[in-house]
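**Student:** Residues 12 to 401 (my numbering) are what the sequence shown spells out, left to right. From the three backbone atoms N, C-alpha and C, an ideal C-beta is built for every residue, glycine too. Given the structure is predicted, the values throughout are model-derived calculations rather than measurements.
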Amino acid sequence: MYRVSTGYASVLVNTLSAQGLDVANLCQEAGLDMEIMGQPATFCRRSIMYRLWDLATQVSGNPDIGLKAYGHVHPGSFQIVGYTMMSSLNLKRALERLVRFSALIGTGFSLFFVQEGQNYRLSGLDLQQPDSVKPRQYTDAGLASLLGFCRWLTGGHLPQPLSIEFSYPEPESILEHQQLFACPLIFGAAYDSIVFDGQELLRPLSMANEALATLHDSFAEAQLDLLFGFSILGRVRAMITQRLSQGLGPGFFDMESMAAALHISKRTLQRALEKDGVQYKDVLSDLRRQMADFYLRHSHYNMKHVAYLLGFHDHSSFHKACCRWFDMPPGQYRTDGSPLKVEEEKRPSGRTLEKAREPDRQESAYAWPGFLMGGDYAVQRSTFTGLLDK
Numbered sequence: 012m013y014r015v016s017t018g019y020a021s022v023l024v025n026t027l028s029a030q031g032l033d034v035a036n037l038c039q040e041a042g043l044d045m046e047i048m049g050q051p052a053t054f055c056r057r058s059i060m061y062r063l064w065d066l067a068t069q070v071s072g073n074p075d076i077g078l079k080a081y082g083h084v085h086p087g088s089f090q091i092v093g094y095t096m097m098s099s100l101n102l103k104r105a106l107e108r109l110v111r112f113s114a115l116i117g118t119g120f121s122l123f124f125v126q127e128g129q130n131y132r133l134s135g136l137d138l139q140q141p142d143s144v145k146p147r148q149y150t151d152a153g154l155a156s157l158l159g160f161c162r163w164l165t166g167g168h169l170p171q172p173l174s175i176e177f178s179y180p181e182p183e184s185i186l187e188h189q190q191l192f193a194c195p196l197i198f199g200a201a202y203d204s205i206v207f208d209g210q211e212l213l214r215p216l217s218m219a220n221e222a223l224a225t226l227h228d229s230f231a232e233a234q235l236d237l238l239f240g241f242s243i244l245g246r247v248r249a250m251i252t253q254r255l256s257q258g259l260g261p262g263f264f265d266m267e268s269m270a271a272a273l274h275i276s277k278r279t280l281q282r283a284l285e286k287d288g289v290q291y292k293d294v295l296s297d298l299r300r301q302m303a304d305f306y307l308r309h310s311h312y313n314m315k316h317v318a319y320l321l322g323f324h325d326h327s328s329f330h331k332a333c334c335r336w337f338d339m340p341p342g343q344y345r346t347d348g349s350p351l352k353v354e355e356e357k358r359p360s361g362r363t364l365e366k367a368r369e370p371d372r373q374e375s376a377y378a379w380p381g382f383l384m385g386g387d388y389a390v391q392r393s394t395f396t397g398l399l400d401k
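1. Quick one: residues in its chain with C-beta nearer than 8 Å to the C-beta of M339, no 5 flanking neighbours on either side, listed in chain order?
2. Taking C-alpha atoms, which residue in Q290, V34, V206, D203 lies nearest to L244?
3. Please check the pair P215 and N101, which I expect to be a contact at CB under 8 Å, by giving their CB distance rounded to whole angstroms.
4. Quick one, which of Y94, G77, T165 has its alpha-carbon nearest S217's?
5. With DSSP as the reference, label L122 as helix, strand or coil.
6. Taking the C-alpha atoms as reference points, what is the distance between A20 and D325?
7. Give, in chain order, every unbroken run of the alpha helix (DSSP H) that is at least 4 residues long and sits entirely within the region 170-207.
8. Just to confirm my understanding: we take Y202, look at its own chain, exclude 5 residues before and 5 after, and list those with CB closer than 6 Å. What are they?
9. Please state the DSSP three-state secondary structure of V15.
10. Taking only three categories from DSSP, how would you classify G93?
11. Within the region 231-259, note down every full alpha helix (DSSP H) run reaching 4 residues or more, in order along the chain.
12. Quick one: what's got a C-beta closer than 8 Å to R147's C-beta in the same chain, skipping five residues either side?
13. Could you tell me the boundaries of the beta strand (DSSP E) in which Y131 lies?
14. What would DSSP say about N10, mapped onto helix, strand or coil?
15. Go to F54, then tell me how far its beta strand (DSSP E) extends in each direction, as first and last residue.
16. If I measure Cβ to Cβ from F192 and keep anything under 6 Å in the same chain, skipping five residues before and after, which residues do I get?
17. Would you mind reading off the limits of the alpha helix (DSSP H) that contains Q301?
18. Considering only the alpha carbon of each residue, which of A222, L186, L154 lies closest to F207?
19. In whole angstroms, what separates the C-alpha of S276 from that of F264?
20. Can V70 and L43 be called in contact, C-beta distance under 8 Å?
21. On the criterion of 16 or more Cβ atoms from any shown chain inside 10 Å, does I205 qualify as buried, or is it exposed?
22. Starting from the Cα of S88, find the closest Cα among R104, L66, A41, G18 and give me that residue.
23. Measuring only the C-alpha atoms, how far is G93 from L235?
24. With a CB to CB cut of under 7 Å and the five nearest residues on each side skipped, what residues in its chain are close to A41?
25. Excluding the five sequence neighbours on either side, which residues of its own chain have a C-beta within less than 8 Å of the C-beta of A35, listed in chain order?
26. If I follow the unbroken alpha helix (DSSP H) through Q140, where does it start and stop?
27. Reducing DSSP to helix, strand and coil, say where P215 ends up.
28. Suppose the cutoff is 8 Å on Cβ atoms and the five residues either side in sequence are ignored; what does the same chain contact list for L280 look like?
29. Please determine, among W163, G199, F54, G209, the residue with the shortest C-alpha to C-alpha distance to Q126.
30. So what does DSSP say about G6, is it helix, strand or coil?
31. Return the CA-CA distance between G260 and H168, expressed in angstroms with no decimal places.
32. Determine whether the beta carbon atoms of R57 and G117 lie at a separation below 8 Å.
33. Identify the continuous alpha helix (DSSP H) that holds Y81 and give its terminal residues.
34. Among the residues of its own chain, which have a CB less than 7 Å from the CB of S99, if the five just before and after it don't count?
35. Is Y131 closer than 8 Å to L212 when the C-beta atoms are compared?
36. How should F323 be labelled, buried or exposed, when 16 other C-beta atoms within 10 angstroms of its C-beta is the threshold for buried?
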């Protein structure tokens with residue numbers, strides 16, 4: 012069961028209320044308890060929010076209603092995560108904190124924050140459940156509220172997105188999308204994502220206070236610990252992901268070095284993982300697969316460099332792993348499924364308000380997967396394998 016914080020759920024509820032809808036009736040029909048809205052460290056089922064958006068779309072007759080969330084977000088909407096962002100030095104730091112503490116906003120999704128030349132891309136992927144289909148209004152609300160909050164933090168009309176990608180097909184009309192985002196729009200992408208100018212993200216925030224941000228971080232980390240607890244498995248996932256994200260290359264992913272970093276013996280680590288029903292090689296393989304999917308779909312790195320970033324000693328081992336993960340070699344996987352190929356063949360909609368600007372695709376090797384929380388938290392279970400909340 013994937014969850015959404017009631018703080019973020021209140022943004023969606025307030026959006027519907029501002030549209031003149033009977034929120035009390037809609038929430039009752041969707042199964043949402045309005046009495047818990049906004050309470051700290053409380054959650055509701057994500058499937059309920061999906062249902063609420065479906066009902067609101069039907070009642071309002073407005074398929075673009077999710078975009079209205081743009082004007083209904085403030086720091087309290089994201090609770091402690093919002094306050095850590097507000098006290099950050101700049102938007103880059105704020106977005107890094109958003110990813111770091113994203114599990115306090117909800118579970119069942121992963122975020123990536125990746126540098127692409129002079130720009131930065133924030134990407135999100137929702138883990139879907141068989142009996143729960145995400146309405147596009149949920150995606151629209153997420154992107155609109157993110158942009159709205161970033162501009163709330165800057166106190167102006169910045170940042171201006173350079174491009175936005177949506178994981179759902181292009182709607183019949185994208186006029187409201189154009190009016191709100193005013194940038195090239197791509198639909199039918201593998202991930203929902205938004206690209207910002209790196210220089211805009213580095214502008215100081217007026218409420219920046221690094222000492223306060225550090226204090227907020229400690230509160231957020233304590234809340235993660237309270238909600239998700241401690242586990243060796245979580246720590247191992249966090250450390251592997253951190254090393255993968257830093258592009259350290261081979262030599263940092265063997266079980267011995269991981270045990271040493273945890274200040275325990277290899278045998279103790281092995282027994283702890285066996286207690287959780289997993290083996291170290293499988294944990295490492297799952298996380299490598301996830302990062303391989305991201306690099307092959309969203310970078311121009313050659314195969315040798317991707318193999319290095321994932322900690323393989325040679326390209327042959329990486330090739331065999333991809334055949335095992337994806338049932339095809341890495342080159343074919345990139346050609347068949349990479350959004351980069353789609354972007355080259357299908358330009359952003361000609362109906363955008365501005366001329367499409369192609370982002371510089373010289374990515375950095377640094378990414379922030381959304382399950383990387385650091386420290387001793389088992390929230391790292393929020394991987395693409397959907398282990399969290401199963």
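**Tutor:** Taking the structure as given:
1. By one-based count along the sequence shown, residue 339 stands at place 328. Cβ within range, chain order: C333, D347.
2. Translated into the one-based positions of the sequence shown, residue 244 becomes position 233. Considering only alpha carbons, the answer is Q290.
3. Here the question's residue 215 lines up with position 204 in the sequence shown. Here the question's residue 101 lines up with position 90 in the sequence shown. So it is a contact: roughly 6 Å between Cβ atoms.
4. Here residue 217 refers to the residue found at position 206 of the sequence shown. Minimum Cα distance to S217 is reached at T165.
5. Here residue 122 is taken as the residue at index 111 of the sequence shown, counted from 1. In the three-state DSSP reduction, L122 falls in the strand class (E or B).
6. Stepping through the sequence shown from its first residue, residue 20 is reached at position 9. Stepping through the sequence shown from its first residue, residue 325 is reached at position 314. C-alpha separation (whole angstroms): 47 Å.
7. Along the region 170-207, the alpha helix (DSSP H) occurs as fully enclosed runs of 4 or more residues at 186-192, listed in sequence order.
8. By one-based count along the sequence shown, residue 202 stands at place 191. By the criterion of a C-beta distance shorter than 6 Å, Y202 is surrounded in its chain by S134, L136, once the five residues flanking it on both sides are discounted.
9. Locating residue 15 in the sequence shown gives position 4, where the first residue counts as 1. Here V15 sits in strand by DSSP.
10. Taking the sequence shown and counting its residues from 1, the one referred to as residue 93 is at position 82. Note: G93 maps to helix in three-state DSSP.
11. Fully enclosed alpha helix (DSSP H) runs of 4 or longer: 243-256.
12. One-based indexing of the sequence shown puts residue 147 at position 136. Cβ contact annotation for R147 (same chain, cutoff 8 Å, sequence separation greater than five): P74, G77, F177, Y179, P182, in chain order.
13. As a position in the sequence shown, residue 131 is number 120, starting the count at 1. Its beta strand (DSSP E) spans residues 130-137.
14. The shown model of the chain, from 12 to 401, leaves out residue 10, and the question about it has no answer.
15. Against the sequence shown, residue 54 aligns to sequence position 43. That run of the beta strand (DSSP E) goes 54-56.
16. Mapped onto the sequence shown, residue 192 falls at position 181. Within the same chain, Cβ atoms closer than 6 Å to the Cβ of F192 are found at P172, I175, the five residues on either side in sequence being excluded.
17. The sequence position of residue 301 within the sequence shown is 290, counting from 1. Unbroken alpha helix (DSSP H) run through Q301: 291-309.
18. Working through the sequence shown from its first residue, we reach residue 207 at position 196. Measuring from the Cα of F207, the nearest candidate turns out to be L154.
19. Taking the sequence shown and counting its residues from 1, the one referred to as residue 276 is at position 265. Taking the sequence shown and counting its residues from 1, the one referred to as residue 264 is at position 253. When only Cα atoms are considered, S276 and F264 end up about 15 Å apart.
20. Taking the sequence shown and counting its residues from 1, one reaches residue 70 at position 59. Taking the sequence shown and counting its residues from 1, one reaches residue 43 at position 32. Cβ distance not < 8 Å, so V70 and L43 don't count as in contact.
21. If you number the sequence shown from 1, residue 205 lands on position 194. Buried, because 16 or more other Cβ atoms sit within 10 Å of the Cβ of I205.
22. For the purposes of this step, residue 88 is taken as residue 77 along the sequence shown, with counting starting at 1. The shortest CA-to-CA distance from S88 to any of R104, L66, A41, G18 is the one to G18.
23. On the sequence shown, position 82 is the one that residue 93 refers to. On the sequence shown, position 224 is the one that residue 235 refers to. When rounded, the distance between both Cα atoms is 15 Å.
24. In the sequence shown, residue 41 corresponds to position 30, counting from 1. Taking A41 as the centre and dropping the five residues before and after it, the same chain places the C-beta of I59, R62, L63, L66 closer than 7 Å to its C-beta, in chain order.
25. To locate residue 35, count along the sequence shown from 1; it is residue 24. Cβ neighbours of A35 beyond the five flanking positions: M45.
26. Counting from 1 along the sequence shown, the entry for residue 140 is found at position 129. Run containing Q140: none; DSSP gives neither H nor E here.
27. On the sequence shown, residue 215 is found 204 positions in, with the first residue counted as 1. P215 falls in the strand class under three-state DSSP.
28. Position 269 of the sequence shown holds residue 280. Around L280, the same chain offers I243, V247, M266, M269, A270, L273, Y291 as residues with beta carbons nearer than 8 Å, after the five sequence neighbours per side are excluded.
29. One-based indexing of the sequence shown puts residue 126 at position 115. When each option's Cα is compared against that of Q126, the closest is G209.
30. It is not possible to answer for residue 6, since the shown part of the chain is limited to 12 through 401.
31. Counting from one through the sequence shown, the residue named residue 260 turns up at place 249. Counting from one through the sequence shown, the residue named residue 168 turns up at place 157. Take the alpha-carbon of G260 and the one of H168: they are about 40 Å apart.
32. Looking up residue 57 in the sequence shown gives position 46. Looking up residue 117 in the sequence shown gives position 106. Taking the C-beta atoms as reference points, G117 is found nearer than 8 Å to R57.
33. Here the question's residue 81 lines up with position 70 in the sequence shown. In the DSSP annotation of this structure, Y81 is not part of any alpha helix (DSSP H), being labelled neither H nor E.
34. For the purposes of this step, residue 99 is taken as the residue at position 88 of the sequence shown. A105, R108, L216, A219, A224.
35. Position 201 of the sequence shown, counting from 1, holds the residue named residue 212. Position 120 of the sequence shown, counting from 1, holds the residue named residue 131. In this structure, Y131 lies closer than 8 Å to L212 by Cβ.
36. For the purposes of this step, residue 323 is taken as residue 312 along the sequence shown, with counting starting at 1. It is buried - the Cβ of F323 has at least 16 other Cβ atoms within 10 Å.
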